[in-house]
Structures are given as C-alpha cells and as structure tokens.
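These notes are about the structure you will find just below.
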Amino acid sequence: MRTPKRLSPRLLPPHVLSCLFKLKARRPLIVKVCILASSSSGNCTFIATSRARILVDAGLSKRETQARLSAIGESLDSVDAILVSHEHSDHVCGLGAVTRHRDSGIPIYMTSLTARAIDWNDYTPPLESFQAGSSFHIGDIEIDSFTIPHDACDPVGFCFRAGGIKIGVVTDLGYLTDSVKYQLRGTDMLVLESNHDLEMLKVGPYPWPVKQRVMGRRGHLSNEVVGAFLRDELDMRTTTLVLGHLSEHNNHPEIVRLVASQALEGRSLFTRLVIAEPGRQSEVFEY
Ligand SMILES: [Zn+2]
Ligand SMILES: [Zn+2]
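Under this note's numbering, the first residue of the sequence shown carries the number -12, and numbering increases by one thereafter.
Below, the structure is given as structure tokens:
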C-alpha cells in the first residue's frame, strides 16, 4: 500500500493557508515558564497558566524576584503560591520577604519536615503542607511531588500538568533514581540539574569534605551523569530541555552544552537544548 504524501504548505491554496495561520495565532496560551534564576547561588522558577501563577523556590531577594517577574510582564501581586523543594538557602533565602509581599502572605507549599528545618524568625508563614510523593492542585495546574536523593530533610522534585502539557523541575539530587526517571517520563519540558564537571570539581577550590558531599549519592548531578541519562533515557516527548543549577566554581555553561549536545547527537530527538546561565533569567517558554 502506498503511504500518502504529506501536503507541503506550498501546495495549499492561499485561503486555506491564511485560515491555518489565523488558527495558530488564536491558539490560547496554555503554560508560560521562565527560569528566573538557577545556580548554586539562587533558584526560582515561574510557571503560569491563565488561572494560576506559581513560583518554584524563592532563592532570590524579594526585590530581585520582583524585578525579574516585571521583566517578563508579571508581578508578585498575582502569584498564587510558592512551592519549596527543600530548605537549602539557595532555594529559600528570599522566602520570608517574598511571602510577606501580601498582608495575608503568599501561600507556601512545602513538606512539614522542610518547614521545620527553616528558621522563620518568629514569623508564622501561611503554610500548606503536603507529603513528599503526593499530588495536589493549584488552580488548573496539577502538581506531582516526588522524593529526590539530596542531603536535606525531605527534598522533592515536581512535575506540573496543565492543558495536556507536562513540565518537570528537578534540581539538587545526587543521582537519578528509578522513581525519579519514572516521574520524568512524558515531560514536554524538563528543567534538570547539571551541576558540576567532575574534573573541575576534583581540582577546584572546595575543601575535600565538600567535594565528597557534592559528588555523593545525596549531592548533585554531574554533567557526565546527565549526559548518560540524555543519551540513554531522555523521553522522546521532551521538546525543551533546560539544564540548570550550574556550579559557579566547578562548571561552565559551554562545557554543559558540549557534553549534553554530544549525548543528544546520537538520538534523533527534536529536543531544544537550553543552558540556564548563572546570574541570568531565561527566555520565556510558552506552550
Ligand atoms: Zn540548590
Ligand atoms: Zn540543595
């Protein structure tokens, strides 16, 4: 049986073409994502639909968070919730000030063990606690939390689903457990840590116990480990891959790009590779 030929756009009559372009232009925006910061010195990601606006982690000062939101036409005034992955300062150092932006406080979603590990300085935060591994909704965004191996009290990664789009945000983990890989299946966009280059870490300025911690099973993912994951296991559905949480002392964006693009080369995936550079917010990703 002959397979039907795909119709080239050049063969379509002009009135059909113009109708197709109008349809595309009118397609409602489902999800908007911007990585406001991603590195060992601060982490914050913005995810929004038309009905919900979320920050994942609050590792920037309130002023910087506001400035980076306003650069993409958003504001802290309309943020519905802050989700916290774990208590390390590069993820929570702005949390107290950011939540107090509103008199009643912006609701904070975190596990109760993580909440207990944070010094709130006599402030009673507007907490919505969840169990690691549970799922919940904020507006029209469905959120799955899952445990990750990291040296914090109760660290979690997140997947977000809205309008058929799935986004995974996973940083700060010593290795990719089978359950984390399972959670990341079917993601359209994946924000994944590529923390350090092993050689740079070994000869770098950190004291030996810190190097051991970073390389350990509850530390951070190296470029090499991420490369192996991309080569063998990245889901075919992932069209946008953002590698982030780069160490400023033990990595370089160009090394991350090289290792990841070599890993992706052997696979015929339509994956766009983006490196989240320390100190800069990313472009806005829209679906
Ligand atoms: Zn971190
Ligand atoms: Zn951490």
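The beta-carbon is built from N, C-alpha and C at its ideal position, and this holds for glycine as well.
No experiment lies behind these values; they were computed from the predicted model shown.
Count the other C-beta atoms from every protein chain shown that fall within 10 angstroms of the C-beta of residue i, then say buried if there are 16 or more, exposed otherwise.
i     : result
N108  : exposed
S122  : exposed
H78   : buried
Q268  : buried
E186  : exposed
L171  : buried
S91   : exposed
P(-4) : Any reading at P(-4) must be qualified, since the residue scores a pLDDT of 47, below 50, and its modelled position is unreliable; no value is offered.
H124  : exposed
G266  : exposed
E61   : buried
P196  : exposed
E74   : buried
A58   : exposed
Y169  : exposed
Look at the alpha carbon of residue i and the alpha carbon of residue j, and state the distance between them as a whole number of angstroms.
i     : j    : result
N30   : T101 : 16 Å
I154  : G191 : 33 Å
M176  : Y110 : 36 Å
E112  : A119 : Residue 112 is actually Pro in this sequence, not Glu. Looking at the two C-alpha atoms, the distance is approximately 19 Å.
R254  : R224 : 13 Å
S25   : N237 : 15 Å
I22   : V85  : 17 Å
F145  : E129 : 10 Å
L114  : Q249 : 43 Å
R244  : S209 : 13 Å
T32   : V157 : 11 Å
S99   : F117 : 7 Å
P194  : L188 : 10 Å
K(-8) : G173 : Only weak support is given to the placement of K(-8): the predicted model assigns it a pLDDT of 44, under 50, and the value that follows is read from those uncertain coordinates. C-alpha separation (whole angstroms): 29 Å.
I93   : L230 : 28 Å
S181  : R89  : 34 Å
A45   : L16  : 25 Å
I152  : H232 : 23 Å
D131  : L56  : 24 Å
A104  : K49  : 21 Å
R18   : V201 : It is worth fixing the name first, because residue 18 is Val in this sequence and not Arg. When rounded, the distance between both Cα atoms is 33 Å.
L179  : G206 : 14 Å
H239  : E273 : 27 Å
S72   : H183 : 20 Å
S28   : G214 : 23 Å
R87   : V246 : 41 Å
V212  : S234 : 15 Å
E264  : L42  : 19 Å
E51   : V143 : 24 Å
Excluding five sequence neighbours on each side, which residues of the same chain lie with their C-beta closer than 7 Å to the C-beta of residue i?
i    : result
V199 : It should be pointed out that residue 199 corresponds to Gln in this sequence rather than to Val. Result list for Q199: empty, nothing under 7 Å.
D127 : T36, R38, A39, A149
I242 : D184, N210
S65  : R40
S166 : F133
T164 : P136
Looking only at its chain, what residues have a beta carbon closer than 8 Å to the beta carbon of residue i, apart from the 5 residues adjacent to it on each side?
i    : result
V256 : One point to set straight first is that residue 256 is Leu, not Val, in the sequence displayed. Excluding residues within five positions, the ones whose Cβ falls inside 8 Å are L221, M223, T225.
R259 : T226, T227, L228
R204 : P136, G161, Y162
E270 : C21, V261
A139 : H73, E74, H75, T101, A104, D159
D67  : A39, R40, I41, I93, P94, I125, G126
Indicate whether at least one CB of chain C lies closer than 8 Å to the CB of residue i.
i    : result
A119 : No chain C is present in this structure, which holds just one protein chain.
For residue i, I'd like the list of residues in its chain whose CB is within less than 6 Å of its CB, leaving aside the five on either flank, ordered along the chain.
i    : result
D141 : T98, L100, T101, A119
Q53  : L63
I34  : V20, I41, F147
Whole runs of the beta strand (DSSP E) within the segment 150 to 225, excluding any shorter than 3 residues: 152 to 157, 176 to 180
Ignoring anything shorter than 3 residues, give me the beta strand (DSSP E) runs that lie fully in the segment 24 to 51, in order along the chain. 29 to 35, 40 to 43
Jot down the residue ranges of each uninterrupted alpha helix (DSSP H) in the segment 70 to 141, minimum 4 residues, whole runs only, in chain order. 76 to 79, 82 to 86, 99 to 103
Hey, which unbroken runs of the alpha helix (DSSP H) at 4 residues or more fall wholly within the segment 218 to 266? 240 to 252
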